[in-house]
Structure formats: C-alpha cells, structure tokens
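For the sequence shown, position 145 (counting from the first letter as 1) is numbered 1063 according to my numbering, and the numbering increases by one without interruption.
Where a beta carbon is used, it is the ideal one built from N, C-alpha and C, also for glycine.
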Amino acid sequence: MGQRKHLSVFTLENGIKVLSYRMPYLKSIYIKVGVRGGRVFEPKNKKGVAHFTEHLIGSGTVSFPTEQELVAHIESFAGSHALSTSFRFIEVDIHGPAPHLENLIRVLYEIVFKPIFSPLAFLSERKAILNELAQKEEKPQTKIKRFYDQSLVVPQSFLSLDALSTLHTTKRLKRKDLVSYWKKIAQPQNIHIVVGGNLDLKELRLRLQKTFGKEHNRSRILTMPKCDQSYFRNKPISIQHVPDYSQIYLDVNFPSVSMKHSLATRMIQRLLCSILADNRSSRLNTLLRIKNGVVYDIGTGGHVMDQFGYTGIYSRVAKNNLNKVIELILQELRDFITRGPTEQEWENAKHYATDRELLRYDNPWSLLDNLEGNFLFEKQILFPDDWNSIRAKLTFRDACKVVKKYWDVSKIQLCIQGNIKNTAQNRKKYQKLLNRYFLH
919 MGQRKHLSVF
929 TLENGIKVLS
939 YRMPYLKSIY
949 IKVGVRGGRV
959 FEPKNKKGVA
969 HFTEHLIGSG
979 TVSFPTEQEL
989 VAHIESFAGS
999 HALSTSFRFI
1009 EVDIHGPAPH
1019 LENLIRVLYE
1029 IVFKPIFSPL
1039 AFLSERKAIL
1049 NELAQKEEKP
1059 QTKIKRFYDQ
1069 SLVVPQSFLS
1079 LDALSTLHTT
1089 KRLKRKDLVS
1099 YWKKIAQPQN
1109 IHIVVGGNLD
1119 LKELRLRLQK
1129 TFGKEHNRSR
1139 ILTMPKCDQS
1149 YFRNKPISIQ
1159 HVPDYSQIYL
1169 DVNFPSVSMK
1179 HSLATRMIQR
1189 LLCSILADNR
1199 SSRLNTLLRI
1209 KNGVVYDIGT
1219 GGHVMDQFGY
1229 TGIYSRVAKN
1239 NLNKVIELIL
1249 QELRDFITRG
1259 PTEQEWENAK
1269 HYATDRELLR
1279 YDNPWSLLDN
1289 LEGNFLFEKQ
1299 ILFPDDWNSI
1309 RAKLTFRDAC
1319 KVVKKYWDVS
1329 KIQLCIQGNI
1339 KNTAQNRKKY
1349 QKLLNRYFLH
C-alpha cells in the first residue's frame, strides 16, 4: 500500500474537489479540470451548446485574447493542452514540465473562469464545427450509432442523444447562448480537478486556492437526470435498411447491472463479459471466429448509470452468415445464463484481470484515469492492488447468481443494420428466432 501515501484528496474553500497523485519518477505534471455540464445537461432547445462552448472557451481568455496567443504561451514552456466534451463533462487538460506548475494552473484557470467568447472566434469556430458535423454526418458509423441509440432506449430520452449536435441545431446557436450556458455551469460546485506527476502537494494546494479557490458559487449544483430500467425500450426487433453496406451491424442488448448495485457485483459482470465475448479465448470468439470463421470481431459493450444499466453483444457479419451468427449467439447466451460459466473459466478470467490490473502501474496516465473514475463515481479510491484484493474474494457461486439474477433477457433486443430490408416478414422471422431461446 505504499502507493497510497502519494495520494491526496482535498476540497478548496469554495467546494472544488481535488484529487492529486504524486509520481516522483516523472519530470512532468498533468492537470485536468472537469466541469459538470456535458451533453446530458444541455437545455432541450439548445442541443449542441456544450460542444460549441468547449470550442469557445479555448479560443481566447482575458490574458490571452486569441487562441494563437494562448497556444504560444503554453508552448513557450513545452506544454500541451486539449479540450473535450463528454456525456457528463466539459474537460480541459494540460501537460507540461513540473517546474511550470504555476503556469499550468494559470492557463487552466484562465480558460475556465476568464474566457472572453470573442465574437470573431465565435464566427470562426462555428464554421469549424459545422464542417466537423458535416464530416461526421458522412461517416457510416454516425448513421449506425444514431439508429442503435434510438432502438435501445425510449424515444426522446437523454440517453439517445447524438454525440454531437445536428447541423441545424448548431446553426441556430448564438454567442449569448454559449456565454449563458458557461456562466451557469462553470462554478465551483460543478468542478473537480485531477492532478498527477512530480508535484509538491503544499505548493499545489496553495496555487489552486489562490486561483480556482477564490471563485464563488452562483446557482444550484447540476444533477444528473434520473433514469431507470424503464428507459430500456420494449422493442425486441429493430432493423435499418442500409443497402450500400457490405456488412451487417449486429447488436444484442438486454438490461443488466447498474450503479445501484455493489462494486463487487459490477466487477463480477465485467468478468462474465470477458468470459462470454471479450477475451480472445472467450466462448463467442471461440465459437464464431475460431471454430466457424463467420465473424471477424465480437465483444461486449453497455452502459452503467445510477439506476440504469445494460449489456450488449456486438459484431459485424456478412449477410449470408447473419442468421447462423444470431442463432449461435442466442444459443450460447441462453446456455451461459442457464448454467453460468465453468469454474475453470471463472478462475482463468480472474487471473487474467488481476494481471492486467497490475499493468496500470506501468502507465501513469492510465493509473490516474482509473483513480479519477473512483474519485467521481465510487465510495472509495482504489489502486490496482485494492481492485485485485476485492476480485480475489469474488466466488464462482457469486458469478452464477449475478448472471441469473441481473441479466434480464426477458427484454432482450436485436438491432440489425445493413443490406437487409425492414419488412414485416423479416421482423417476424427474427422475433421467432428470439422466441425460440428467450420468450417475450
């Protein structure tokens, strides 16, 4: 547990929460500021405002009025920075030599609390974003992802939001919309800071308090919209006809574990997914690729929120193999839920996950990212050794209970996209196939 002595969690006087992890073997420092205000918090009539705002706050600040001046300053001390928008957060991160801690913090503070939202930058970035969105719309994956989201959850749900705004929504946004949105979200109670590298904790706390710590809260904290398993759409078969695709995009989804369940339960689910489809030695990879050669890749995905969670099996399939692949997946999934994994599969999965966990120590940024996830979403902060200690206590009996209790295949969905027509005959055919293994 020697690593924990380098970890520090503290709160600035105004409520900003900070996680820092000292890595004395490095020569640099990485700092990320996360502002709770990602896509999920956008007003219904302002979709895309979070992404657009992210572009503008990095386009000029009080001390560095243009993006060129800001970048020139950062590069003057061999630094680099980036901004991004995710489901929950708008994030600004910076990386540079450890002796430049003051500069690193100053730049982040300016971007978060002193952006000028230049009218010229607004017009320029708007063109850039419209071009970005136009390129995105041309990508086949955009159409696939949009239909997938719409088939997965109930219509108009915040969970079905596109990754970026649509072209017509962005065109309607005005500069004042961005200013207003940032003013609402960029306040201490919505902010967390993560710092890693060769840092001096006392200096870090002092400099953060003198900058970020002097800001005040102006309105209520943003909270995640509530959702539960009722958001999972009751639509067993969804087909999108895309005639120019040579491959069929296949997804099999069902409700499963959410954040309301214990950490141990969520860890068990992750191990179950690795046994079923994620590892090269997994059941479905062995069955579909190694033995039958009917797919190139297969794996699992999903999402876990406070009261909502699902697991999905995904693959891409040649049209002539589609029916066979669906049947093999459904048959293996039914057998897996009915009988659970074998004891040998369970032990192998635990050993593999345990050894992979230790590799985080070889990648400081992967380790820091994992610590941040604990900091934001778990009740405790865990290092790889801590995760492995918990994993060692997970039993084969626990695994069998989780797969039977929480994998709700009574609501299983098939999402099929590609050169296959969305006809009543096809929907009936695949519904019949579902019913053969999982009665609705």
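Across the set Gln1074, Gln1187, Gln1262, Glu1275, the C-alpha of Gln1187 shows the shortest separation from the C-alpha of lysine 1322. If you draw a straight line from the Cα of glycine 966 to the Cα of arginine 1044, it is about 11 Å long. In the DSSP assignment, glutamate 1009 is bridged to Gly952, Ser1002.
In this structure, the alpha-carbon of asparagine 963 lies about 12 Å from that of histidine 1086. Bridge pairing for isoleucine 1047: absent [DSSP]. The way I'd put it, the region 1163-1179 does touch the region 1324-1331; three or more beta-carbon pairs between them come closer than 8 Å. Beta-bridge analysis with DSSP links cysteine 1333 to Ser1156, Asp1169. Contact between glutamate 1028 and threonine 1003 is absent: CB atoms are separated by about 19 Å, not below the 8 Å threshold. Residue pairing by DSSP places proline 961 opposite no residue, since no beta bridge is assigned to it. Taking a 10 Å sphere around the C-beta of leucine 1194, we find 16 or more other C-beta atoms and assign the residue as buried. As the crow flies, the alpha-carbon of threonine 984 is around 20 Å from that of isoleucine 1008. When DSSP states are grouped into helix, strand and coil, tyrosine 1214 belongs to the strand group. As a beta-bridge residue in DSSP terms, leucine 925 pairs with Tyr939.
If you compare the alpha carbons of Leu988, Leu1126, Thr979 with that of serine 1036, the shortest gap goes to Thr979. Taking a C-beta distance under 8 Å as the contact criterion, valine 1222 and methionine 1177 qualify as a contact pair. In the DSSP annotation of this structure, serine 1233 is not part of any alpha helix (DSSP H); the continuous beta strand (DSSP E) holding it starts and ends at 1227-1236.
Here isoleucine 1338 carries a coil assignment [DSSP, helix/strand/coil].
Between the C-alpha atoms of serine 946 and phenylalanine 1301 there is a straight-line separation of about 21 Å.
Ranking Asp1146, Gln1343, Asn1238 by CA distance to the CA of tyrosine 1167 puts Asn1238 first. In the three-state reduction of the DSSP assignment, phenylalanine 995 falls in the coil class. Bounds of the beta strand (DSSP E) holding histidine 1110 are 1109-1115. Bridge pairing for threonine 1183: absent [DSSP]. Residue burial is scored here from C-beta neighbours: valine 1025 has at least 16 other C-beta atoms within 10 angstroms and is therefore classed as buried.
In this structure serine 1069 does not touch tyrosine 1149 by the C-beta definition: roughly 13 Å separates them, more than the 8 Å allowed. Boundaries of the alpha helix (DSSP H) around leucine 1248: 1240-1257. In the three-state DSSP reduction, proline 1073 falls in the coil class, being neither helix nor strand. Contact between valine 1212 and lysine 1242 holds, since their C-beta atoms are separated by about 6 Å, short of 8 Å. Valine 1222 has Gly1227 as its beta-bridge partners, per DSSP. For arginine 1274, the enclosing alpha helix (DSSP H) covers residues 1261-1276.
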